[in-house]
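Take a look at the structure below.
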Amino acid sequence: MLGSGCSSLGCDPDSTVPFGPSIGGVHSAECKADLKECSPGHEMVKCKGTGPELKYYCQQCSDTAFQPNANRYGDRCRLRKACYNQFMRYRDYGSTTRDAMCKCEPGYHFESTDQRACVQNNYCDRGYGQTDYGSCERCVVGSTYSDKKDKLQRCKTVTNCEKDKRCTIKRSNGTGDNVCSTYRVKNPSKDCANPPPVHARNEQNGGLSEGAIAGIVLGVLAIIVIVVLLFLFLLHRRRKARAENDQIDPDHLERLASQIVERSAKEEPYRRKVLTASMREIEDNINKQIWSLPQELFRNHFQDAKYELVVEKYKDKDHKYAINGYMQDWREWREEAGDAVQELFACLKKVKREDIIYKICSKFREAYPEVVIDAETQLENGVVSRRSKRQNKEGVMDVLFPCCSAQQKYETEENEQVKFMLDDSKDAAATPQTLEFEPNEKGNNSNDSNDNGALTPQEAGDVYRERPTPSAPVLDDSGNIHIIIPMNRSVSYPVQASS
Numbered sequence: 001m002l003g004s005g006c007s008s009l010g011c012d013p014d015s016t017v018p019f020g021p022s023i024g025g026v027h028s029a030e031c032k033a034d035l036k037e038c039s040p041g042h043e044m045v046k047c048k049g050t051g052p053e054l055k056y057y058c059q060q061c062s063d064t065a066f067q068p069n070a071n072r073y074g075d076r077c078r079l080r081k082a083c084y085n086q087f088m089r090y091r092d093y094g095s096t097t098r099d100a101m102c103k104c105e106p107g108y109h110f111e112s113t114d115q116r117a118c119v120q121n122n123y124c125d126r127g128y129g130q131t132d133y134g135s136c137e138r139c140v141v142g143s144t145y146s147d148k149k150d151k152l153q154r155c156k157t158v159t160n161c162e163k164d165k166r167c168t169i170k171r172s173n174g175t176g177d178n179v180c181s182t183y184r185v186k187n188p189s190k191d192c193a194n195p196p197p198v199h200a201r202n203e204q205n206g207g208l209s210e211g212a213i214a215g216i217v218l219g220v221l222a223i224i225v226i227v228v229l230l231f232l233f234l235l236h237r238r239r240k241a242r243a244e245n246d247q248i249d250p251d252h253l254e255r256l257a258s259q260i261v262e263r264s265a266k267e268e269p270y271r272r273k274v275l276t277a278s279m280r281e282i283e284d285n286i287n288k289q290i291w292s293l294p295q296e297l298f299r300n301h302f303q304d305a306k307y308e309l310v311v312e313k314y315k316d317k318d319h320k321y322a323i324n325g326y327m328q329d330w331r332e333w334r335e336e337a338g339d340a341v342q343e344l345f346a347c348l349k350k351v352k353r354e355d356i357i358y359k360i361c362s363k364f365r366e367a368y369p370e371v372v373i374d375a376e377t378q379l380e381n382g383v384v385s386r387r388s389k390r391q392n393k394e395g396v397m398d399v400l401f402p403c404c405s406a407q408q409k410y411e412t413e414e415n416e417q418v419k420f421m422l423d424d425s426k427d428a429a430a431t432p433q434t435l436e437f438e439p440n441e442k443g444n445n446s447n448d449s450n451d452n453g454a455l456t457p458q459e460a461g462d463v464y465r466e467r468p469t470p471s472a473p474v475l476d477d478s479g480n481i482h483i484i485i486p487m488n489r490s491v492s493y494p495v496q497a498s499s
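The sequence shown runs 1 to 499 under full-length UniProt numbering.
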């Protein structure tokens with residue numbers, strides 16, 4: 001921006017400063033004695049310190065001014081309209097070449113064409129509608145109507161019953177709409193003069209009016225659509241949650257980034273979406289690169305040392321707000337370019353923040369399932385395999401019946417087991433635990449008073465399944481398993497079990 005002139009920039013008035021593209025006229029930042037006119041969006045300013053010969057240069061209008069025409073010296077930039085008065089909003093903020101436009105809030109109108117003030121609309125009675133400047137006009141009987149008294153409603157067009165193959169039972173008088181018949185006729189101009197009998201109308205509608213039938217059908221369809229959409233949303237959210245932990249390797253990241261760049265160059269809405277997501281990630285993650293980032297962003301700007309002006313502009317802002325300012329200025333300059341995303345990724349690579357590119361690509365990974373590992377796949381020892389039909393079926397059942405899902409059942413059983421262990425440990429602190437065996441098992445008891453005899457592996461497993469508090473098993477010389485009772489885990493140290 002050259003709005004502050006050469007003196008504020010500390011430049012030589014006779015030096016040439018690159019300027020923006022011409023807008024249907026001639027302009028220059030170079031002080032010239034023969035400068036004839038400046039292009040729209042600029043004004044002619046006298047150079048300072050040019051000696052006895054007067055020289056001029058073109059200066060761009062400020063952010064609050066505009067100049068719609070090519071101009072000469074003395075034709076200054078004009079102030080844009082300010083739409084900050086009560087009940088007023090901006091319709092168009094304008095630019096350096098056009099003025100801003102205002103509008104009034106609903107229920108208000110401009111007092112005159114100069115758009116200086118918004119005043120409240122008058123209340124119009126039934127049969128009268130609002131106009132552009134708040135006055136009431138009578139609705140044309142038979143063509144338009146207004147059925148309520150308020151300060152917003154305009155005259156509305158009446159319903160054409162004949163166009164819908166229906167008869168007009170009651171015509172509008174300006175305060176209400178036409179009333180149409182519930183039955184249809186083949187030729188309204190002839191059949192409406194002699195309407196069919198009541199039984200013929202019921203036979204035609206199958207005992208119900210067509211409005212009632214249509215309402216029932218639409219209601220059923222709406223319920224089905226809502227259920228299907230809800231199911232798809234829950235299934236998508238579940239699959240997305242499973243896929244969030246899947247990592248993208250460098251090769252997949254490069255392929256994904258290239259496809260995002262290619263699509264951004266072709267589709268402007270998608271490009272804006274990617275740039276908006278990129279701004280959030282850059283604001284949240286840029287740290288030490290706060291100085292090198294604007295330098296890379298504005299390296300190719302047509303104005304020399306543009307990044308210094310941008311840094312100076314936001315030097316008093318907080319860290320995050322300064323980065324937001326850099327990105328906003330850069331988007332105003334480069335957002336319309338097809339290679340904006342590609343240039344932004346290149347800048348992030350130059351400041352050595354490929355991790356931000358990774359986060360940006362991760363937000364759009366679902367649109368490219370052929371590149372990344374989507375929610376339908378999983379890694380098993382580094383090999384990508386499709387989820388089994390059983391897993392997919394369990395996922396669908398979990399969405400339809402979350403209370404009966406396998407995961408819910410497992411968590412419930414686990415909670416019950418933990419509760420049983422806690423209760424059992426409390427009982428163990430007060431009462432010794434003993435196990436009773438058959439007489440042939442008691443004969444193999446060891447000398448330890450707490451040893452309940454040698455057990456087979458199956459019997460030992462039964463003990464551990466029934467009582468979670470015994471100690472680790474002990475093997476004797478013959479390979480038999482002994483379990484020592486009692487054992488209170490709440491007051492003892494953990495022991496590594498042997499195989």
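Every residue, glycine too, gets a C-beta built ideally from N, C-alpha and C.
> Touch check for the stretch 160-169 and the stretch 179-187: three-plus C-beta pairs under 8 Å?
Replying inline: yes
> Mapping DSSP to helix, strand and coil, what is A29?
Replying inline: Position 29 of the sequence shown, counted from the first residue, corresponds to residue 29. Of the three classes helix, strand and coil, the one that applies to A29 here is coil, per DSSP.
> Using 8 Å as the threshold, is the stretch 270-284 in touch with the stretch 331-343, meaning 3 or more CB pairs across them?
Replying inline: yes
>> Between which two residues does the alpha helix (DSSP H) holding residue 531 run?
In response: The chain is shown only over 1 to 499; residue 531 falls outside these bounds and no answer can be derived.
> Can you tell me where the alpha helix (DSSP H) with F345 in it begins and where it stops?
Replying inline: Residue 345 sits at position 345 when you count from the first residue of the sequence shown. Counting along the chain, the alpha helix (DSSP H) containing F345 begins and ends at A340 to K350.
>> On the criterion of 16 or more Cβ atoms from any shown chain inside 10 Å, does S385 qualify as buried, or is it exposed?
In response: Residue numbering aside, residue 385 sits at position 385 when the sequence shown is read from its first letter. A caution first: S385 carries a pLDDT of 43, below 50, which makes its placement in the model too unreliable to give a value.
> If we count the other Cβ atoms within 10 Å of its Cβ and call it buried at 16 or more, is L256 buried or exposed?
Replying inline: Translated into the one-based positions of the sequence shown, residue 256 becomes position 256. Buried, because 16 or more other Cβ atoms sit within 10 Å of the Cβ of L256.
> Cα separation between I169 and A214?
Replying inline: Working through the sequence shown from its first residue, we reach residue 169 at position 169. Working through the sequence shown from its first residue, we reach residue 214 at position 214. If I take the Cα positions, the gap works out to 21 Å.
>> Helix, strand or coil for E111? Go by DSSP, reduced to three states.
In response: Against the sequence shown, residue 111 aligns to sequence position 111. Looking at E111 - three-state DSSP - the assignment turns out to be coil, as it is neither helix nor strand.
> Which of the three DSSP states, helix, strand or coil, is assigned to N194?
Replying inline: Mapped onto the sequence shown, residue 194 falls at position 194. In this structure, N194 counts as coil in the three-state DSSP scheme.
>> Using a Cβ-Cβ cutoff of less than 6 Å, which residues in the same chain neighbour K306 once the five nearest sequence positions on both sides are dropped?
In response: Numbered from its first residue, the sequence shown carries residue 306 at position 306. If we look at K306 and ignore the five residues flanking it on each side, its Cβ neighbours are F298.
> In terms of residues, what are the limits of the beta strand (DSSP E) holding T182?
Replying inline: Translated into the one-based positions of the sequence shown, residue 182 becomes position 182. Note, T182: beta strand (DSSP E), V179 to R184.
> Any idea if W291 is buried or exposed, counting beta-carbon neighbours within 10 angstroms, 16 or more meaning buried?
Replying inline: Here residue 291 refers to the residue found at position 291 when the sequence shown is read from its first residue. Counting C-beta atoms within 10 angstroms of its own C-beta, W291 has fewer than 16 neighbours from the protein chains shown and is therefore classed as exposed.
> What is the rounded straight-line gap between the Cα of D63 and the Cα of C139?
Replying inline: Looking up residue 63 in the sequence shown gives position 63. Looking up residue 139 in the sequence shown gives position 139. Cα to Cα, the separation comes out at about 45 Å.
> Are the beta-carbon atoms belonging to C31 and Y57 less than 8 Å from one another?
Replying inline: Locating residue 31 in the sequence shown gives position 31, counting from the first residue. Locating residue 57 in the sequence shown gives position 57, counting from the first residue. Yes; because the gap between Cβ atoms is below 8 Å, this pair is in contact.
>> Which residue wins for smallest C-alpha separation from S39, given the options Y73, F87, E53 and A33?
In response: As a working note, residue 39 is residue 39 in the sequence shown. When each option's Cα is compared against that of S39, the closest is Y73.
>> Assuming contact is defined by CB atoms lying nearer than 8 Å, are R166 and R184 in contact in what I supplied?
In response: By 1-based counting over the sequence shown, the position of residue 166 is 166. By 1-based counting over the sequence shown, the position of residue 184 is 184. Contact check for R166 against R184 passes: the beta carbons are separated by less than 8 Å.
>> Helix, strand or coil for H42? Go by DSSP, reduced to three states.
In response: Here the question's residue 42 lines up with position 42 in the sequence shown. In the structure shown, H42 sits in a strand (DSSP, three-state: E or B).
> Taking C-beta to C-beta, are Y90 and C102 nearer than 8 Å?
Replying inline: Counted from its first residue, the sequence shown places residue 90 at position 90. Counted from its first residue, the sequence shown places residue 102 at position 102. Result yes, Cβ atoms of Y90 and C102 sit closer than 8 Å.
> How would you write the range of the beta strand (DSSP E) that R138 sits in, first residue to last?
Replying inline: Here residue 138 refers to the residue found at position 138 of the sequence shown. Start and end: C136 to R138.
>> I'd like the ranges of any beta strand (DSSP E) spanning at least 3 consecutive residues and lying wholly in the stretch 125-179.
In response: 128-130, 136-138 and 166-170
> Hey, V341 and V220: beta-carbon distance below 8 Å or not?
Replying inline: On the sequence shown, residue 341 is found 341 positions in, with the first residue counted as 1. On the sequence shown, residue 220 is found 220 positions in, with the first residue counted as 1. No, the Cβ-Cβ distance between V341 and V220 is not below 8 Å.
> Which runs of the alpha helix (DSSP H), 4 residues or longer, sit entirely within the stretch 230-304?
Replying inline: 250-266, 268-285 and 292-297
>> Tell me which residues share the same chain as N447 and place their Cβ nearer than 6 Å to its Cβ, disregarding the 5 neighbours each side in the sequence.
In response: Counting from one through the sequence shown, the residue named residue 447 turns up at place 447. Any reading at N447 is ruled out, since the residue's pLDDT is 44, under 50, leaving its predicted position unreliable.
> Which whole-angstrom value describes the C-beta separation of G174 and V141, a residue pair presumed to lie in contact below a C-beta threshold of 8 Å?
Replying inline: For the purposes of this step, residue 174 is identified with residue 174 of the sequence shown, where counting begins at 1. For the purposes of this step, residue 141 is identified with residue 141 of the sequence shown, where counting begins at 1. G174 to V141, Cβ: 4 Å. Contact.
>> For D75 and E43, which I take to be in contact (beta-carbon distance under 8 Å), what is that distance rounded to the nearest angstrom?
In response: Along the sequence shown, read from residue 1 onward, the residue named residue 75 stands at position 75. Along the sequence shown, read from residue 1 onward, the residue named residue 43 stands at position 43. Confirmed, Cβ separation roughly 7 Å.
> Nearest CA to the CA of N294: which residue from Q259, S264, R331 and S258?
Replying inline: Here residue 294 is taken as the residue at index 294 of the sequence shown, counted from 1. Reading the sequence as shown, one finds Pro at residue 294 and not Asn. When only C-alpha atoms are compared, the closest one is R331.
> Hey, would you say A100 sits closer than 8 Å to K81, going by beta carbons?
Replying inline: Position 100 of the sequence shown, counted from the first residue, corresponds to residue 100. Position 81 of the sequence shown, counted from the first residue, corresponds to residue 81. It is a contact, given that the beta carbons lie within the stated cut-off.
> By a C-beta neighbour count over all protein chains shown, 10 Å radius and 16 as the cutoff for buried, is A322 buried or exposed?
Replying inline: Within the sequence shown, numbered from 1, the residue matching residue 322 stands at position 322. By the neighbour-count rule (16 or more Cβ atoms within 10 Å), A322 is buried.
> When DSSP builds the beta bridges, which residues end up paired with F66?
Replying inline: Numbered from its first residue, the sequence shown carries residue 66 at position 66. Answer is R78, bridged to F66.
> First and last residue of the beta strand (DSSP E) that includes Y57?
Replying inline: Counting from 1 along the sequence shown, the entry for residue 57 is found at position 57. Here the beta strand (DSSP E) through Y57 covers Y56 to Q60.
> Given a threshold of 16 other Cβ atoms within 10 Å of its Cβ, counted over all protein chains shown, does A29 qualify as buried or as exposed?
Replying inline: The residue given as residue 29 occupies position 29 in the sequence shown. Its Cβ being crowded by 16 or more others within 10 Å, A29 is buried.
>> Less than 8 Å between the beta carbons of I216 and I282, yes or no?
In response: Taking the sequence shown and counting its residues from 1, the one referred to as residue 216 is at position 216. Taking the sequence shown and counting its residues from 1, the one referred to as residue 282 is at position 282. No, the Cβ-Cβ distance between I216 and I282 is not below 8 Å.
> Secondary structure at Y90, three-state DSSP: helix, strand or coil?
Replying inline: Translated into the one-based positions of the sequence shown, residue 90 becomes position 90. Strand, per DSSP.
> In the structure shown, what three-state DSSP assignment does N71 receive?
Replying inline: Translated into positions along the sequence shown, residue 71 becomes position 71. N71: strand per DSSP, three-state reduction.
>> So if DSSP puts V119 in a beta bridge, which residue, or which two residues, is it bridged to?
In response: To locate residue 119, count along the sequence shown from 1; it is residue 119. DSSP lists H109 as partners of V119.
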